[in-house]
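First up is the structure itself, then whatever we jot down about it.
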Amino acid sequence: MYRAPVNKIIRSSIVDGPGNRTAVFFQSCNFNCRYCHNPETIHMCVHCGRCTESCPAGALRMAEGKVVWDKEKCVSCDTCIKVCPNDASPKITYMSAAQIWEEIEDDLPFIRGITVSGGECTLQRDTVVELFRLAKQNGLTTLLDSNGSYDFQNDLELLEVSDGVMLDVKADCEERHRWLTGQSISTVLFNLDYLAKMNKLEEVRTVCIPGALENEKTISKVAEILSPYLKEKDIRYKLIKYRHFGVREKYQDFRQPDEEYMEHLKELALEKGFRNIVII
Amino acid sequence: MIVLNREETSVSTNEEMKQEIRKIMKDKKLTYWQRTDALARYAEDLLDYPEGTPEEFYELTESREISDLHEGHGPWSARYILPDYEKFLKEGSSFLRLDPPKDLFEALNCLLIFYHNAHALDRFPVFLGRFDVLLEDFVKKEKREDAGKMLGWFLTSIDRTMSDSFVQANIGPEASVTGELILELLPKLQNITPNLSLRYDPDITPDDFAKKALDCALRCANPAFAYDRFYKERVGEDYGIASCYNGLLIGGGAFTLTRLRLGTISEHCKDSRDFFENRLPLCVDTQLKFMDAKINSIVNDRAFFESDWMVKEGFVHPDRFVGLFGLVGLCECVNNLMAKDGKSGRMGHDPEADRLGVKILEAIEKSVNEHYCPYSYKHRFVMHSQVGADDDEGNSAGTRIAYGDEPELYEHLKNCGLYHRFFPSGVGDIFPFDETAFRNLDALLDIFKGGFKVGVKYMSTYLGSGDLIRVTGYLMKRSEVEKLKNGEAVANDSAALVLGKSPERHMNEKKVRSFDV
Ligand code: SF4
Ligand code: SF4
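If you read the sequences in order, they're chains A and B. Going from the first sequence to the numbering used here is simple: count from 1 and add 46. Going from the second sequence to the numbering used here is simple: count from 1 and add 45.
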């Protein structure tokens, strides 16, 4: 049975979609964004053993060439994550869809849905499909939080069990997108249009950094692509303030936007036809 | 100040009495009316306890296993009274010389006049009615702005003249203009009184209205949510929530409330077997007999049910009153008995401990249901999970988990669900949140809905860092408590309660919940 690498499960998340939800964070991502707030979720652990030496609680050890994490002993100090030279984490639990569901099931009375995030959740496509099926059978809504690199057009099975995708649009053009994430923007922009057309676009998200990114252009680009849909559909646009928190030291020179700047971006989005804009 | 038994009373000499009276008169922490109350209480306690009080009652009071909640030796009124204000607004009152009101202005004034003349065991009415049901027709005839202004002054008038946190009003389950206006006014007013309950039914109360109520609660600790279906089913269609959270019949109420201190009782036992076979039956039996004696004296030896104007005009019916069989300290009781049985599990963290908790309540419920009382509604007493008092050391409120030992939110709610069903006449828990709750009221509502799904019957929230908070079962301002600590008089009677250990611990130790953001 396949087990997906799970970084963590949050039992009560209020920022990953409407209402109270369980959020499942999978390990590993196919982007490497400079501003990533959780860089320890980017790569899979290569079992170099470096972190085992610095754990103050003795929760990490090597066994048969692999790092083993003792959840009970761990005091969540995050030292291991800080010392890892590989943007990975030793605190990964490998779980099947059924095992993840088992964890969620007890909380059913309190949540209205689940959201899978990451890392990049679509890398765990099979697990997600199975998990979402179980969720749907139990009356939950299902959302994907994705970087948009996945070929959704050719996976109707996944779209069928997903109520929507919260899609990151991180830049306005190929060059900026490659500079920021290391990957091409073309699939992302294709998905933006496709998901809107299929009624599966739950929200668009853009992290805003004055100076480093052409945020105005990104907003304009998103608006241009969504313009055929914006009249009938109330697509939420979440403008996320860049914050230093969690970002790797070598990328710490980005500037945090102020309220005024964010309001200015909101004005722009309004002008371009968005009605539902959230600044966080 | 409370004189416990007859022997002690008889040795109180004239001179001692005079000294005590002078002490009350000189107490700088009290307002005029609070002094008057204290004097009345002193006089009352010179009487003996009612005839028929079992001998064991004195011993078990001395050992702190039973508490009569300082009701006094000889109450001359029922403890909780829920007048039928609907009837009043329809028919007026000859005693008050009031005709039925014709518009909102008249209706609000009529109610204020009634409140002034009503009472309960304390000076103030513990139930002000269902505001929306009483006022909606009048409110709808006014311009929204005018209705808001009148309701605002109505609420302020209540807060400034009925300065007691046990004054309670209800809204819901339907959404209403009246309800909406009140939810908009309360955060601005930042009043302590009244304590407000939203009778909540997820099938009837619209989500938007419920979210408005939650937003309001975060800003001013009001309203709390009462699970409408439960109270309708277990108390009656025409129930009201009075005082802290007491589900009682409108046009009726409760004669008295006496409490077992289960935590203290468990300290007097060898193990759980001793508890179930000896000590618990003794305490339950004594409390039942004591309540019988007290109710008998209120009904047959006091003027209230014979001559009070509310009874005479049919706003209150003697046959709609119950006796409240109260308890506190289930958590300590369970934990102590587990330890005495050589086990380490604690209530809220261990299934076996919780099974023991349920078993204790089932045992008490069985005895209470078997007990016949000629005067209580349907001849039965009703169980009440009491919010605690200042002398309850070693006993957490009702069936609540001890401060600092609360499990994670969902587990905590499920734990409430195990115990709340035993208490139609009153139970509840409080879940303060931090600012993150404002960011997604849908999520907070999901949690409340989930709570009711798993068996919670009454729950409330407030902002952990706010001034106006809900302490144990009533509203309190941190700033007023500070004043009182500095020896200044404050208008609210209940502020003094907060100087007790349990409310102090609530303020400092109650777990404040946070969402991951
Ligand atoms: S967070 Fe990492 S370093 Fe810290 S105790 Fe846990 S395993 Fe050890
Ligand atoms: S988590 Fe990082 S440091 Fe630890 S073993 Fe894996 S790759 Fe090495």
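The C-beta atom is built at its ideal place from N, Cα and C for all residues, glycine as well. None of the values given here were measured: they were computed from a predicted structure.
Three-way DSSP call (helix, strand, coil) for residue i in this model
| i | result |
| --- | --- |
| A:G210 | strand |
| A:H223 | helix |
| B:N341 | helix |
| B:Q64 | helix |
| A:M108 | strand |
| B:K147 | coil |
| B:G298 | strand |
| B:K369 | Note that residue 369 of chain B is Leu in the sequence shown here, rather than Lys. DSSP places B:L369 in strand when its eight states are reduced to three. |
| B:P268 | coil |
| B:Q431 | coil |
Contact with chain B by residue i, beta-carbon distance below 8 Å
| i | result |
| --- | --- |
| A:S43 | Within the shown structure, residues of chain A are numbered from 47 to 326, placing residue 43 of chain A beyond reach of any answer. |
| A:G65 | yes |
| A:P155 | yes |
| A:R158 | yes |
| A:I281 | no |
| A:I56 | yes |
Cβ-based burial, residue i [other Cβ within 10 Å; buried from 16]
| i | result |
| --- | --- |
| B:N381 | buried |
| A:C254 | buried |
| B:W78 | exposed |
| A:C123 | exposed |
| B:C328 | buried |
| A:P257 | For clarity, residue 257 of chain A is Gly in the given sequence; the question names Pro instead. Exposed is the call here. |
| B:L180 | buried |
| B:T303 | buried |
| B:Y284 | buried |
| A:V324 | exposed |
| A:I326 | exposed |
| A:E248 | buried |
Residue i versus residue j: straight-line alpha-carbon distance, rounded
| i | j | result |
| --- | --- | --- |
| B:H394 | A:A217 | 49 Å |
| B:R400 | A:V268 | 57 Å |
| B:K498 | B:I203 | 34 Å |
| B:Y160 | B:G174 | 10 Å |
| B:G509 | B:E438 | 24 Å |
| A:I286 | A:T252 | 6 Å |
| A:Q145 | A:I138 | 14 Å |
| B:Q332 | B:I111 | 7 Å |
| A:H89 | B:D436 | 58 Å |
| A:S192 | A:L238 | 11 Å |
| B:E554 | B:S441 | 13 Å |
| B:L490 | B:D82 | 41 Å |
| B:K257 | B:H429 | 29 Å |
| B:N50 | B:Y94 | Any answer about B:N50 is weak, because its pLDDT of 46 lies below 50 and its placement is not dependable; what the coordinates show is given next. Cα-Cα distance, rounded: 8 Å. |
| B:L375 | B:V403 | 10 Å |
| B:N291 | B:V557 | 25 Å |
| B:A384 | B:M392 | 12 Å |
| B:K357 | B:E351 | 8 Å |
| A:V207 | B:L228 | 40 Å |
| B:I514 | B:H465 | 22 Å |
Residue closest to residue i, alpha-carbon to alpha-carbon, out of the options
| i | options | result |
| --- | --- | --- |
| A:T187 | A:D62, A:I138, A:I281, A:E317 | A:D62 |
| B:L369 | B:G359, B:N414, B:I216, B:A348 | B:N414 |
| A:Q73 | A:P274, A:Q170, A:Y48, A:L213 | A:Q170 |
| B:L226 | B:F254, B:D248, B:R205 | B:F254 |
| A:I271 | A:V234, A:E206, A:V211 | A:V234 |
| B:W121 | B:D353, B:R189, B:T201 | B:D353 |
| B:H362 | B:Y422, B:T517, B:I405, B:K188 | B:Y422 |
| B:L520 | B:R142, B:A266, B:V501, B:F349 | B:A266 |
| B:V472 | B:S108, B:D248, B:Y272 | B:Y272 |
| B:F172 | B:S317, B:G532, B:A408, B:L293 | B:L293 |
| B:E377 | B:A287, B:K357, B:F176, B:G390 | B:G390 |
| B:K74 | B:G532, B:L406, B:H551 | B:G532 |
| B:L372 | B:V344, B:F467, B:E65, B:L149 | B:F467 |
| A:S163 | A:E305, A:I325, A:R67 | A:R67 |
CB contact below 8 Å: residue i versus chain A
| i | result |
| --- | --- |
| B:Y503 | no |
| B:L259 | no |
| B:V373 | no |
| B:F476 | no |
| B:G285 | no |
| B:K498 | yes |
| B:N485 | yes |
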